[in-house]
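Trainee:
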Amino acid sequence: MTWQILLGLNLITGTVRETFNKKIANKTDPFVMLFYLVVFGFLWLYPYHLIATGTYPRFNLMATLPGIIFTVSFVAYLSAIRISLSQTILFQSYSILVTIFLTAVYLGEGKYFDVATVSGLKVIIGIILAIVSLWFLLHVGRKKEELLERRWFLYILLVIFFGGTGSFLSIWFLTNSTPQEMIINQSYSMFILLFVLIKIYRKKLLIGNKATLLIFVSSFFASIAVVSFYEVLKQVAVSKILPVQQVSLVVLTMLSAVIFYKESNIFSGRRLIGMVMGLVGIIMLVTS
Numbered sequence: 040m041t042w043q044i045l046l047g048l049n050l051i052t053g054t055v056r057e058t059f060n061k062k063i064a065n066k067t068d069p070f071v072m073l074f075y076l077v078v079f080g081f082l083w084l085y086p087y088h089l090i091a092t093g094t095y096p097r098f099n100l101m102a103t104l105p106g107i108i109f110t111v112s113f114v115a116y117l118s119a120i121r122i123s124l125s126q127t128i129l130f131q132s133y134s135i136l137v138t139i140f141l142t143a144v145y146l147g148e149g150k151y152f153d154v155a156t157v158s159g160l161k162v163i164i165g166i167i168l169a170i171v172s173l174w175f176l177l178h179v180g181r182k183k184e185e186l187l188e189r190r191w192f193l194y195i196l197l198v199i200f201f202g203g204t205g206s207f208l209s210i211w212f213l214t215n216s217t218p219q220e221m222i223i224n225q226s227y228s229m230f231i232l233l234f235v236l237i238k239i240y241r242k243k244l245l246i247g248n249k250a251t252l253l254i255f256v257s258s259f260f261a262s263i264a265v266v267s268f269y270e271v272l273k274q275v276a277v278s279k280i281l282p283v284q285q286v287s288l289v290v291l292t293m294l295s296a297v298i299f300y301k302e303s304n305i306f307s308g309r310r311l312i313g314m315v316m317g318l319v320g321i322i323m324l325v326t327s
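Using my numbering, read the sequence shown as starting at 40 and increasing by one per residue.
(1) In or out: glycine 313 buried (at least 16 other Cβ within 10 Å) or exposed?
(2) What's the gap between the Cα of phenylalanine 212 and the Cα of leucine 104?
(3) Under three-state DSSP, which class holds lysine 66?
(4) Here's a check: name, in chain order, each residue in its chain whose Cβ is nearer than 6 Å to the Cβ of asparagine 224, leaving out the five neighbours to either side.
(5) So, glutamine 219 versus threonine 92, is the Cβ gap smaller than 9 Å?
(6) From which residue to which residue does the alpha helix (DSSP H) around arginine 309 run?
(7) Would you call histidine 178 buried or exposed, if buried means 16 or more other Cβ atoms sit within 10 Å of its Cβ?
(8) How many angstroms separate the CA atom of arginine 310 from the CA atom of phenylalanine 175?
(9) Quick one: what's got a C-beta closer than 8 Å to valine 289's C-beta in the same chain, skipping five residues either side?
(10) Do the stretch 69 to 81 and the stretch 287 to 307 make contact, defined as three or more Cβ pairs closer than 8 Å?
(11) What whole-angstrom Cβ distance do isoleucine 199 and valine 137 have, given they're in contact under 8 Å?
(12) Express the C-alpha separation of glutamate 184 and phenylalanine 260 in angstroms, rounding to a whole number.
(13) Measure the alpha-carbon distance for serine 228 versus isoleucine 237 and round it to whole angstroms.
(14) Terminal residues of the continuous alpha helix (DSSP H) containing threonine 214?
(15) Assuming contact is defined by CB atoms lying nearer than 9 Å, are glutamine 95 and valine 266 in contact in what I supplied?
(16) Cα separation between leucine 197 and serine 112?
(17) When burial is assigned at 16 or more other CB atoms within 10 Å of the CB, is valine 55 buried or exposed?
(18) Let's test the definition: count the other Cβ atoms within 10 Å of the Cβ of isoleucine 222 and tell me whether it reaches 16, buried, or not, exposed.
(19) Tell me which residues share the same chain as isoleucine 263 and place their Cβ nearer than 6 Å to its Cβ, disregarding the 5 neighbours each side in the sequence.
(20) Tell me whether leucine 186 is buried or exposed, calling it buried when 16 or more other Cβ atoms sit within 10 Å of its Cβ.
(21) Sorted by chain position, which residues of the same chain lie with C-beta nearer than 8 Å to lysine 243's C-beta, five sequence neighbours on each side aside?
(22) Starting from the Cα of tyrosine 194, find the closest Cα among Ile280, Gln126 and Ala296 and give me that residue.
(23) Would you call the CB atoms of alanine 143 and tryptophan 191 closer than 9 Å?
(24) Looking at leucine 281 and glycine 203, is the spacing between their C-beta atoms short of 9 Å?
(25) Output the residue ranges of the beta strand (DSSP E) runs that lie fully inside the stretch 246 to 305 and measure 3 residues or longer, sorted by chain position.
(26) Among Leu253, Ala169 and Asn215, which residue has its Cα nearest to the Cα of valine 315?
(27) Roughly how far, in whole angstroms, is the beta-carbon of isoleucine 416 from the beta-carbon of leucine 291, given that I think they are within contact range, below 8 Å?
(28) Does threonine 41 pass the burial test, meaning 16 or more other C-beta atoms within 10 Å, or should it be called exposed?
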């Protein structure tokens with residue numbers, strides 16, 4: 040299968056996944072929803088690894104650690120898309136800033152913050168655009184909407200910080216595991232942590248048949264999206280495909296949010312300015 044077909048498959052299933060996740064998150068507790076997504080995702084990915092490689096996924100204790108951090112990021116993400124899928128899918132991409140910063144500090148990739156280079160200049164411009172675009176989104180004029188946006192802002196900060204840190208640690212530990220093994224090992228720690236948190240906060244683990252079915256379907260599309268993306272990376276360099284994949288997924292998901300959830304308010308007033316600047320900013324970052 041060519042990388043173009045795989046990329047198309049990744050974008051379609053990724054968009055469907057986010058559309059389903061918004062529908063589920065609106066009515067399901069984020070901790071419980073993520074717990075089921077992890078369980079069902081594990082059931083898809085484990086057999087895939089066994090069929091694709093002919094071996095069982097190796098257990099790697101270090102590879103499980105990013106799963107703990109991703110748990111915070113994903114719970115915050117599912118909370119944020121309750122408020123706005125279109126804004127969240129765009130600004131979650133800024134987690135790459137944290138990954139770039141940690142890579143620069145610990146892996147010697149200082150060029151990303153060197154304004155004398157094209158990459159460094161793009162990163163700085165991307166950061167500035169992110170700050171300005173968030174200002175526009177957080178000052179929409181109506182007090183009730185501004186309070187809602189501030190709550191979203193706190194969620195998205197958690198998504199960006201913990202998501203970027205988790206991605207960096209995944210890169211760090213990836214030398215000893217395949218991408219599929221990394222995800223499976225992360226699922227172990229996420230499953231345990233989520234189960235403990237659900238018990239501590241006394242959340243209702245049992246959900247209705249409809250919600251369970253929707254999560255099951257979403258996990259299926261999520262697994263296809265992940266697998267197809269890693270298959271693309273076997274044929275095309277990350278630096279060439281990531282900008283196209285990231286920006287395309289953001290745009291398609293934003294369109295989905297407008298069509299299915301009537302989030303057309305992003306195309307009005309200060310929100311429109313903020314969203315456009317945010318999109319330009321993320322393009323700068325992913326092409327740096």
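From the three backbone atoms N, C-alpha and C, an ideal C-beta is built for every residue, glycine too.
Mentor: In terms of the structure at hand:
(1) Here residue 313 is taken as the residue at index 274 of the sequence shown, counted from 1. Glycine 313 comes out buried.
(2) To locate residue 212, count along the sequence shown from 1; it is residue 173. To locate residue 104, count along the sequence shown from 1; it is residue 65. Going by the C-alpha atoms only, they are around 9 Å apart.
(3) Your numbering for residue 66 matches position 27 in the sequence shown. Three-state result, lysine 66: coil.
(4) Along the sequence shown, read from residue 1 onward, the residue named residue 224 stands at position 185. Taken in chain order, the residues that qualify are Asn99, Ala102 and Thr103.
(5) The sequence position of residue 219 within the sequence shown is 180, counting from 1. The sequence position of residue 92 within the sequence shown is 53, counting from 1. Yes; because the gap between Cβ atoms is below 9 Å, this pair is in contact.
(6) Taking the sequence shown and counting its residues from 1, one reaches residue 309 at position 270. Segment 308 to 325, the alpha helix (DSSP H) holding arginine 309.
(7) Here residue 178 is taken as the residue at index 139 of the sequence shown, counted from 1. Its Cβ having fewer than 16 others within 10 Å, histidine 178 is exposed.
(8) If you number the sequence shown from 1, residue 310 lands on position 271. If you number the sequence shown from 1, residue 175 lands on position 136. Going from the Cα of arginine 310 to the Cα of phenylalanine 175 covers about 6 Å.
(9) Numbered from 1 along the sequence shown, position 250 holds the residue referred to as residue 289. Cβ neighbours of valine 289 beyond the five flanking positions: Ile128, Leu129, Ser132, Leu318 and Ile321.
(10) no
(11) Within the sequence shown, residue 199 is the residue found at index 160, counting from 1. Within the sequence shown, residue 137 is the residue found at index 98, counting from 1. 6 Å between Cβ atoms; contact.
(12) Here the question's residue 260 lines up with position 221 in the sequence shown. Here the question's residue 184 lines up with position 145 in the sequence shown. Computed Cα separation, rounded: 32 Å.
(13) The residue labelled residue 228 in the question sits at position 189 within the sequence shown. The residue labelled residue 237 in the question sits at position 198 within the sequence shown. Computed Cα separation, rounded: 14 Å.
(14) The residue given as residue 214 occupies position 175 in the sequence shown. Segment: none, threonine 214 is in no alpha helix (DSSP H) and carries neither H nor E.
(15) For the purposes of this step, residue 95 is taken as the residue at position 56 of the sequence shown. For the purposes of this step, residue 266 is taken as the residue at position 227 of the sequence shown. A small correction: the amino acid at residue 95 is tyrosine; glutamine does not occupy that position in the sequence shown. The answer is no: Cβ separation not under 9 Å.
(16) Sequence index remark: in the sequence shown, residue 197 carries index 158 (1-based). Sequence index remark: in the sequence shown, residue 112 carries index 73 (1-based). Spanning the two alpha carbons is a distance of roughly 6 Å.
(17) The residue you call residue 55 lines up with position 16 of the sequence shown. Buried, by the Cβ-count rule.
(18) The residue given as residue 222 occupies position 183 in the sequence shown. Classification for isoleucine 222: buried.
(19) To locate residue 263, count along the sequence shown from 1; it is residue 224. Apart from the 5 residues on each side of it in sequence, isoleucine 263 sits with its Cβ closer than 6 Å to the Cβ of Thr52 in its chain, given in chain order.
(20) To locate residue 186, count along the sequence shown from 1; it is residue 147. With fewer than 16 Cβ atoms within 10 Å of its Cβ, leucine 186 is classed as exposed.
(21) Start at 1 with the first residue of the sequence shown, and residue 243 comes out as number 204. Excluding residues within five positions, the ones whose Cβ falls inside 8 Å are Asp68 and Val71.
(22) Start at 1 with the first residue of the sequence shown, and residue 194 comes out as number 155. For tyrosine 194, the nearest C-alpha among the options comes from Gln126.
(23) By 1-based counting over the sequence shown, the position of residue 143 is 104. By 1-based counting over the sequence shown, the position of residue 191 is 152. One thing to note: alanine 143 has its Cβ no nearer than 9 Å to the Cβ of tryptophan 191.
(24) One-based indexing of the sequence shown puts residue 203 at position 164. One-based indexing of the sequence shown puts residue 281 at position 242. The answer is no: Cβ separation not under 9 Å.
(25) none
(26) Residue 315 sits at position 276 when you count from the first residue of the sequence shown. With distances taken between Cα atoms, valine 315 lies closest to Ala169.
(27) A question about residue 416 goes unanswered here, because the residues of the chain that appear run from 40 up to 327.
(28) As a first step, residue 41 is located in the sequence shown; it is residue number 2 there, counting from the start. Threonine 41 is exposed by the Cβ-count criterion.
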